[in-house]
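Take a look at the structure set out below.
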Amino acid sequence: MTAPHAPAGRRPDESMTLLREVTERPLDPGYALVARRRAEAGETTSRRGATSTLGLLLVAVLLGAATTVAVLDLRAPQPLVTRGRTVLMERIQERSAEVESLSRRAAELSAEVDGLQGAALLPSALVEINELDRWVNGAVPVRGPGVVVRLTDGAGGGLVDPGDAPAESRVRDADVQFVVNELWAAGAEAVAVNDQRLTSLSAIRNAGDAILVDLQPLNGPVYTVEAVGDPEDMQVEFARSAGLGFLQLLSAEYGIEHEVTASEGMYLPGAGSPTLRYAHSERSGGARETARATPSAQTTQDRTEEDNG
Numbered sequence: 031m032t033a034p035h036a037p038a039g040r041r042p043d044e045s046m047t048l049l050r051e052v053t054e055r056p057l058d059p060g061y062a063l064v065a066r067r068r069a070e071a072g073e074t075t076s077r078r079g080a081t082s083t084l085g086l087l088l089v090a091v092l093l094g095a096a097t098t099v100a101v102l103d104l105r106a107p108q109p110l111v112t113r114g115r116t117v118l119m120e121r122i123q124e125r126s127a128e129v130e131s132l133s134r135r136a137a138e139l140s141a142e143v144d145g146l147q148g149a150a151l152l153p154s155a156l157v158e159i160n161e162l163d164r165w166v167n168g169a170v171p172v173r174g175p176g177v178v179v180r181l182t183d184g185a186g187g188g189l190v191d192p193g194d195a196p197a198e199s200r201v202r203d204a205d206v207q208f209v210v211n212e213l214w215a216a217g218a219e220a221v222a223v224n225d226q227r228l229t230s231l232s233a234i235r236n237a238g239d240a241i242l243v244d245l246q247p248l249n250g251p252v253y254t255v256e257a258v259g260d261p262e263d264m265q266v267e268f269a270r271s272a273g274l275g276f277l278q279l280l281s282a283e284y285g286i287e288h289e290v291t292a293s294e295g296m297y298l299p300g301a302g303s304p305t306l307r308y309a310h311s312e313r314s315g316g317a318r319e320t321a322r323a324t325p326s327a328q329t330t331q332d333r334t335e336e337d338n339g
């Protein structure tokens, strides 16, 4: 029995069209056409590709140069800003020198007033009480042994490089207040911070990054707290209190250095005569007449202290 023959004009494997396409034409006609065109273009296509690559590199270099110039221009200090900063620093130095000169003049006048008061014919008991009161209130300078506590800003703090120093690495007003209070509790008889004598009305505050003692700015990065008293007893009491542990915490957490030493001879300047707030005068009949200072005679600090206390 013979197999039927395919009709004339038809292939025997006509039913296997997909297999024939895969075996006879593995490349898609579209891809083949593109490959043929690329082969015909030849060198022209290569030149265009090289030109495009060169153009992209040139654009990238120009963009990089423009970005670098812009960044350098933004980071460079502006002439006006630099000049203004210089003028401001000069004015601060001039005002600081003027304040120091006026402080010395005030101390001289206070000493003159003390001399005039001492020359008056007053009972010896009253003179002694007055001198003791002025010494306790910090109006007159004192000399004697005591303890010195130094606090130093952490790395980069204070006047070294304020822009890069973290705020927590600098000594704050609360740190100075804590040390002063612990020294008073340890038996200090007189205390001064960076030669600024503390009285019963003294205030230690912060103004921005500066520490103020009675409205006088302190120069960092080292802050020196001097306390007159018995050195041995004060060191023992200060070590037993929370003061030493607080200083160690500042050193471990914020890098603030500290030093506690004894001194056999210190000089603490006086704060001058205190502001008169009120006075009593005895009348012949025994009645008292109270005279209060006028508001114009009171300082801004006095008003602040009265409002707060």
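Numbered according to this note's numbering, the sequence shown spans residues 31 to 339. By construction, the Cβ of each residue, glycine as well, lies at the ideal position given by its N, Cα and C atoms.
In the three-state scheme derived from DSSP, where H, G and I count as helix and E and B as strand, serine 293 is classed as strand. According to DSSP, glutamine 246 shares a beta bridge with Val243. By the neighbour-count definition (other C-beta atoms within 10 Å, threshold 16), aspartate 205 is a buried residue. Judged by DSSP in its simplified three-state form, alanine 69 adopts helix. Here glutamate 138 carries a helix assignment [DSSP, helix/strand/coil].
Here aspartate 203 is not near isoleucine 286, since their CB atoms are 8 Å or more apart. Straight-line measurement puts the Cα of glycine 217 at about 19 Å from the Cα of valine 170.
The continuous alpha helix (DSSP H) containing asparagine 211 extends over residues 203 to 215. Our two residues, aspartate 163 and histidine 288, have alpha carbons roughly 33 Å apart in a direct line.
The beta carbon of threonine 229 is closer than 6 Å to those of Asn167, Gly168, Ala301 in its chain, skipping five residues each way along the sequence. In this structure, leucine 213 sits near valine 221, with a CB-CB distance shorter than 8 Å. If you draw a straight line from the Cα of glycine 295 to the Cα of proline 261, it is about 11 Å long.
Residue state for glutamate 267 is assigned as helix, using DSSP reduced to three classes. Distance from the CA atom of alanine 292 to the CA atom of glutamate 283, rounded to whole angstroms, is 26 Å. For threonine 229, the three-state secondary structure derived from DSSP is coil.
DSSP places proline 196 in the coil class of the three-state scheme, outside both helix and strand. Pairing valine 201 with glycine 250 gives a Cβ-Cβ distance under 8 Å. Around the beta carbon of glutamate 198, fewer than 16 other beta carbons sit within 10 angstroms, so the residue counts as exposed.
Taking C-beta separations shorter than 6 Å and ignoring five residues to either side along the sequence, tryptophan 165 has no partners in its chain.
Using a Cβ distance threshold of 8 Å, glutamine 226 and valine 243 count as a contacting pair. DSSP lists Leu181 as the bridge partner or partners of tyrosine 253. Taking leucine 248 as the centre and dropping the five residues before and after it, the same chain places the C-beta of Asn224, Ile241 closer than 6 Å to its C-beta, in chain order.
Taken through DSSP and simplified to helix, strand or coil, glutamate 219 comes out as coil. Within a 10 Å sphere around the beta-carbon of tyrosine 253 sit 16 or more other beta-carbons, which makes this residue buried.
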